[in-house]
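First to last, the sequence lines map onto chains A and B.
Going by the numbering used here, the first sequence opens with residue 830, and the numbers climb by one from there.
Going by the numbering used here, the second sequence opens with residue 2, and the numbers climb by one from there.
Cβ atoms here follow ideal geometry from the backbone N, Cα and C, with glycine treated the same way.
The next block holds one structure in the form of structure tokens; read it before the comments.
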Amino acid sequence: MTLLEIANDAIQQALDAGATDAECTIAEGEEFSVQVRRGEVETIKQAASRGMGLRILVGSYTGSSYTSDLSPEGVRHMVAQAMELAAVTTEDPFAGLPEASDFGAVAGDLGLYSSDVEGLDPAVKIEIARCAEDAALKFDARITNSDGGSFDSQLGRRVFANSRGFAGEYRSSYCSVSASAVAKLGDQMERDYWYHSARRFTDLEKPDYVGRRAAERTLRRLGSVKMETQRVPVIFEPRVARSMMGHIFEAIEGRSVYRQSTFLAGKLGETVAARGVTVIDDGTIPGLFGTQPFDDEGIPTRRTPVIEKGVLKSYLLNTYSARKLGLKSTGNASRGITGNAGVGHGNFYLEAGTRTPEELIASVPNGFYVTELIGSGVNVSTGDYSRGAAGLWIRNGELAFAVSEVTIAGTLQQMLMTMEVGNDLEFRGSVAAPTLYIPEMTVGGR
Amino acid sequence: MGFSDSFFATKFGIRSQDLEAYLAEALSQGGDYADIYFEYLATSTISMDESIVKSATQGVSLGVGVRVISRERTGYAYSDDLSPEKIRHAAKVAACIANGPAKVDKSSLHEGAKRNLYPVLTAPNELGFAERLDLVKRAEKAARAYDSRIFQVQATYADSLRHVMVANSEGVLNFDRQPMARLNVSALAREGNGHPQNGYAGGGGRVELDFFLNEKTPEHFAREAGRQAIVQLGAVEAPAGESTVVLGPGWPGVLLHEAVGHGLEADFNRKGTSAFSGRIGQQVASPLCTVIDDGTIGGRRGSLNVDDEGNVSQRNVLIENGILRGYLQDQLSSRITKAAPTGSGRRESYEHIPMPRMTNTFMLAGESDPEEIIRSVDKGLYCANFGGGQVDITSGNFVFSASESYLIEGGKLTRPVRNATLIGNGPEALKYVSMVGNDLKLDEGIGICGKAGQSVPVGVGIPTVKIDRMTVGGTA
């Protein structure tokens, strides 16, 4: 049986057992990864796996189950487990599949799968990892150690079907290269990394470039000092600016909106950010990691402006959260292989502004250019923002010296209302943001 | 119970000679060491939100992972199909990293010593759903009843039963049955048009369902979540910059997990990439600090009869009176550095390669009265509860976020403050510990530790501790 036939069979079994609706997801994947350290292969991992999940409805009662065993017996057991749980949940008038008229898929080749990843020789993969690490180690005498170079590839197939007639599947490919370098200066040791990932092998950054970037990033952290506590302008480089997109997503996704657990609940149509801030979610851009033809409920993905010139235009919704809010799904349902669908994003990005990163830095007499953030100190209910940071201090418009072991703090509300967006937007994953300039945050240090 | 009565032998018909044959296949290309790991995991989750039981999920995953080590190289392959052909194929794939004639004699397996740190006769997921559903409903109701300002409550109960079996080319054969259960409550409170404030509590362990009926009830966790959310309604801005910090007992032990625990995992130290590399025997904390990682505490979330490489777990002294004593080892690191195993080799699942990990990490109690510790601080911050933390192993910089903390003014706790991140440097931070309380408390059983993409359950604990200098990331 094909995976789609297995899915349809599970749905039929559920209907036969008394379910009024059912939806089934199957994910199949192959992975290969290699790590090279100090020129020697350290780890090679290779495997294939499958998983299958079912969600059933009996009227407005729901139940979910999953299995890694796709044999007829495994599927039967999974169906029975889901049916058992319909008696556990509570009737929920908002639960249920989308209307049949909502189903569909984005047409055409979305560039999610490339055969050049599948055909890659393991020896080539090992050589890429080796080359990435080698470039980092050779870059400078202060690079004294390495956390290795790596290459990863994955091939996947995802199948989704439901009892209202939707059936779809797509394949995807992924490859990535990374290097992580360690540098020492006196007692101080620092590590940083660089990586790149792509759906097509030919789009992947060259390993020696990745290695050099890792080395450069590590070296510029050396000699870091802890600054005095002060309020200054803060600039986020794109790699850390992406984390802001994560916070914005959390603040506008349907579940946190209907639960009123976000500071942006009830703010549609209001100005919530500076005029230069436009946030888009687009699940249809060919070749990118946030792209898929249909969401995890079978609704076509689309382009949704979330914030336009500072005004909150739309939340991101699945069917359930849309019904709760009296709105329409935006095609943003997301789930693993089982359970109720949550809300996910497609390619979620901040549109580029006009000034270059260099111009933004040059405009700051005394401030902090952040290249790393750690910790989880962001609360989207209150907007409180407080994270550990490292980076470079800006003196008279220039990156002057390394800074570490400090915190940056403020509120998401104020950061959004005052931020200026740089012109250097680049997609390196499913969230993307250019350099961000925030006129004032509290840097906590000595 | 012997091997022939064990889960994989009875349910899947796996025989000792099969395991020996798979290991021989794994070593056929010349590896130095091989192991094979079987895992069967059944989970269930029930979640209630907006007073509706919105989701209930259960399922099963099973698979086998084969690892071959050749000098410092590791080959790993896994299969979610336990048929002999698929296991042999995984063994062949893993074997490919080695190159040369087989050099390990055929191993004959012998069963490891047995003990049971979690004598759970009936795992919660071996019961019907009615009792577990009732826990969630009780928790939800109690949180709403705590205070009228609470407007959203989510209660989730999750349990799992994991059967594992490990055999290796050194002849070790071990298996374990690992139950786990956990109940969480999260509450949102609001006053007028103010921002909602969050409170979160939960706990559990390798326990029977009775634990939630007799020891830590749903109402206990619900009240705690409600209390935290209400406290935060009155919170003022947190201070910014260096401050004296007092950690309350229990979950704030996550400081140890981030500040020293990860940095003492043997893989980083073997490679020289940890801020603690090469520092054994050196002073890395105040003499008041003794830090232990102990996988043998009965019923705890981080405890294990055997680790995921078949070694028995143990009590490991990491720091003794401020002096660094040892690292947490896995099979690979202990082979390369010729260190004794510490029972710390863990993996998220059969799809993952084991790594050195923590179990239950805590600081031994000292002699100070907790009240006296607070009285000794003229101006500072008291942290009663934390969210998560993170560490940069190489620089040693770590953070953790304080979710419930109070200003200390004139030796007294005064106003609650808003969430703030605290930051410090691992080998330095604990040198500023100036008082250690006599009130060691372990957390209630909610910890999840992430490392290199693998999550495992852990525990932490700490007595009330005064740290003279730490940077607080507030805005005031």
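Inter-residue Cα distance where the pair is residue 947 of chain A and residue 386 of chain B: Start at 1 with the first residue of the first sequence, and residue 947 of chain A comes out as number 118. Start at 1 with the first residue of the second sequence, and residue 386 of chain B comes out as number 385. Approximately 48 Å between the Cα atoms of the pair.
Comparing C-alpha positions only, which one of B/320, B/142, B/80 sits nearest to residue 877 of chain A? Your numbering for residue 877 of chain A matches position 48 in the first sequence. For the residues B/320, B/142, B/80, the minimum Cα distance to residue 877 of chain A belongs to B/80.
Buried or exposed: which applies to residue 353 of chain B, given that a residue is buried once 16 or more other Cβ atoms fall within 10 Å of its Cβ? Residue numbering aside, residue 353 of chain B sits at position 352 when the second sequence is read from its first letter. Result: buried.
Contacts around residue 124 of chain B, its chain only, beta-carbon distance under 6 Å, and the 5 residues preceding and following it disregarded: Counting from 1 along the second sequence, the entry for residue 124 of chain B is found at position 123. If we look at residue 124 of chain B and ignore the five residues flanking it on each side, its Cβ neighbours are 162, 180.
Please classify residue 270 of chain B as buried or exposed, where buried requires at least 16 other C-beta atoms within 10 Å of its C-beta. Position 269 of the second sequence, counted from the first residue, corresponds to residue 270 of chain B. Buried, because 16 or more other Cβ atoms sit within 10 Å of the Cβ of residue 270 of chain B.
Identify each residue in the stretch 1228-1259 of chain A for which the Cβ-Cβ distance to at least one residue of chain B is less than 9 Å, and report them in chain order. 1233, 1234, 1235, 1236, 1237, 1238, 1239, 1240
For a contact defined as C-beta to C-beta under 9 Å, what are the partners of residue 967 of chain A on chain B? Position 138 of the first sequence, counting from 1, holds the residue named residue 967 of chain A. What residue 967 of chain A touches in chain B: nothing, since even the nearest Cβ is about 18 Å away.
Output the distance between the C-alpha atoms of residue 1243 of chain A and residue 241 of chain B, rounded to the nearest integer angstrom. Translated into the one-based positions of the first sequence, residue 1243 of chain A becomes position 414. Translated into the one-based positions of the second sequence, residue 241 of chain B becomes position 240. Taking the straight line from one Cα to the other gives about 18 Å.
Going along the stretch 59-80 of chain B in order, which residues come within less than 9 Å of chain A, judged by CB to CB distance? 59, 60, 61, 62, 63, 64, 66, 72, 73, 74, 75, 76, 77, 78, 79, 80
Once the 5 residues before and after residue 83 of chain B are set aside, which same chain residues still bring their CB inside 8 Å of it? Counted from its first residue, the second sequence places residue 83 of chain B at position 82. Closer than 8 Å at Cβ, skipping near neighbours: 13, 15, 39, 63, 64, 65.
Given that a residue counts as buried once 16 or more other Cβ atoms are within 10 Å of its Cβ, and exposed if not, what is residue 830 of chain A? Within the first sequence, residue 830 of chain A is the residue found at index 1, counting from 1. Exposed, because fewer than 16 other Cβ atoms sit within 10 Å of the Cβ of residue 830 of chain A.
When you compare the CB positions of residue 171 of chain B and residue 108 of chain B, do they come within less than 8 Å of one another, or not? Here the question's residue 171 of chain B lines up with position 170 in the second sequence. Here the question's residue 108 of chain B lines up with position 107 in the second sequence. The beta carbons of residue 171 of chain B and residue 108 of chain B sit closer together than 8 Å.
What are the start and end residues of each continuous alpha helix (DSSP H) run of 4 or more residues lying completely inside the stretch 1137-1182 of chain A, in chain order? If you keep only unbroken alpha helix (DSSP H) runs of at least 4 residues inside the stretch 1137-1182 of chain A, you get 1148-1154.
Taking only runs of the alpha helix (DSSP H) that begin and end inside the stretch 344-395 of chain B, which ones reach a length of at least 4 residues, in chain order? 371-376
When the cut-off is 8 Å and only beta carbons count, does residue 1001 of chain A lie next to chain B? Taking the first sequence and counting its residues from 1, the one referred to as residue 1001 of chain A is at position 172. Taking Cβ atoms only, chain B never reaches closer than 8 Å to residue 1001 of chain A, which makes this a no.
If contacts are defined as beta-carbon pairs under 8 Å, then residue 113 of chain B and residue 169 of chain B qualify, I think. What distance do you get, rounded to the angstrom? To locate residue 113 of chain B, count along the second sequence from 1; it is residue 112. To locate residue 169 of chain B, count along the second sequence from 1; it is residue 168. In fact, because the Cβ distance is near 11 Å, the residues do not count as touching under 8 Å.
Cβ of residue 1204 of chain A less than 8 Å from any chain B Cβ? Counted from its first residue, the first sequence places residue 1204 of chain A at position 375. So yes, residue 1204 of chain A belongs to the interface.
For the alpha helix (DSSP H) holding residue 424 of chain B, just list the boundary residues, first then last. Taking the second sequence and counting its residues from 1, the one referred to as residue 424 of chain B is at position 423. Where residue 424 of chain B is concerned, there is no enclosing alpha helix (DSSP H), although the beta strand (DSSP E) it sits in stretches over 421-426.
Any beta carbon from chain A within less than 8 Å of residue 463 of chain B's own beta carbon? Reading the second sequence from its first residue, position 462 is the one you call residue 463 of chain B. Answer no: the Cβ-Cβ gap between residue 463 of chain B and chain A never drops below 8 Å.
For residue 243 of chain B, go through chain A and note every residue whose CB falls closer than 7 Å to its CB, in chain order. The residue you call residue 243 of chain B lines up with position 242 of the second sequence. Going along chain A in sequence order, the residues near residue 243 of chain B (Cβ under 7 Å) are 1275.
Check whether the Cβ of residue 1038 of chain A sits closer than 7 Å to any heavy atom of the ligand MG, and report yes or no. The ligand MG is not among the ligands present in this structure, which contains no ligands whatsoever.
C-alpha distance - residue 1150 of chain A paired with residue 1081 of chain A, whole-angstrom precision: Locating residue 1150 of chain A in the first sequence gives position 321, where the first residue counts as 1. Locating residue 1081 of chain A in the first sequence gives position 252, where the first residue counts as 1. Each residue's alpha carbon lies about 11 Å from the other.
By Cβ distance, which residues of its chain are closer than 6 Å to residue 1140 of chain A, with the 5 residues on each side in sequence left out? Taking the first residue of the first sequence as position 1, residue 1140 of chain A is located at position 311. Cβ neighbours of residue 1140 of chain A beyond the five flanking positions: 1100.
DSSP bridge partner residues for residue 111 of chain B (one or two, in chain order): Along the second sequence, one-based indexing puts residue 111 of chain B at 110. Residue 111 of chain B is bridged to B/173.
Does the count of Cβ pairs from the stretch 306-316 of chain B and the stretch 43-50 of chain B closer than 8 Å reach three? no
Residue 859 of chain A vs residue 941 of chain A beta-carbon contact at 8 Å: Sequence index remark: in the first sequence, residue 859 of chain A carries index 30 (1-based). Sequence index remark: in the first sequence, residue 941 of chain A carries index 112 (1-based). No, the pair does not count as a contact, with Cβ atoms beyond the cut-off.
Contact under 8 Å by Cβ, residue 1120 of chain A with residue 1254 of chain A: Locating residue 1120 of chain A in the first sequence gives position 291, where the first residue counts as 1. Locating residue 1254 of chain A in the first sequence gives position 425, where the first residue counts as 1. Taking the C-beta atoms as reference points, residue 1254 of chain A is found no nearer than 8 Å to residue 1120 of chain A.
Check the Cβ of residue 870 of chain A against every Cβ in chain B and list those closer than 8 Å, keeping chain order. Residue 870 of chain A sits at position 41 when you count from the first residue of the first sequence. Simply 74, 98.
Nearest neighbour of residue 1341 of chain A, chosen from A/1138, A/842, A/887, A/1056 [CA to CA]: Residue 1341 of chain A falls outside the range modelled here, since chain A spans only 830 to 1275, and no answer is possible.
Sorted by chain position, which residues of the same chain lie with C-beta nearer than 7 Å to residue 844 of chain A's C-beta, five sequence neighbours on each side aside? Position 15 of the first sequence holds residue 844 of chain A. Within the same chain, residue 844 of chain A has close Cβ partners 851, 992.
Element boundaries [alpha helix (DSSP H), containing residue 15 of chain B]: Residue mapping note: residue 15 of chain B aligns to position 14 of the second sequence, counting from 1. Element bounds for residue 15 of chain B: n/a, residue is neither H nor E.
Is residue 476 of chain B close to chain A? Criterion is C-beta to C-beta, closer than 8 Å. In the second sequence, counting from the first residue as 1, residue 476 of chain B sits at position 475. It does; some Cβ of chain A falls within 8 Å.
Going by Cα to Cα distance, which pick from B/330, B/70, B/473 is closest to residue 406 of chain B? Position 405 of the second sequence holds residue 406 of chain B. Comparing Cα-Cα distances from residue 406 of chain B to each of B/330, B/70, B/473, the minimum goes to B/473.
Below 8 Å CB to CB, which residues in the same chain sit around residue 919 of chain A once its five sequence neighbours on both sides are set aside? Sequence index remark: in the first sequence, residue 919 of chain A carries index 90 (1-based). Once the five neighbours on either side are set aside, the close Cβ partners of residue 919 of chain A are 890.
Around the C-beta of residue 449 of chain B, are 16 or more other C-beta atoms found within 10 angstroms, so that it is buried, or is it exposed? Mapped onto the second sequence, residue 449 of chain B falls at position 448. Classification for residue 449 of chain B: exposed.
CB contact check: residue 873 of chain A to chain B, cutoff 8 Å: Residue numbering aside, residue 873 of chain A sits at position 44 when the first sequence is read from its first letter. Answer yes: the Cβ-Cβ gap between residue 873 of chain A and chain B drops below 8 Å somewhere.
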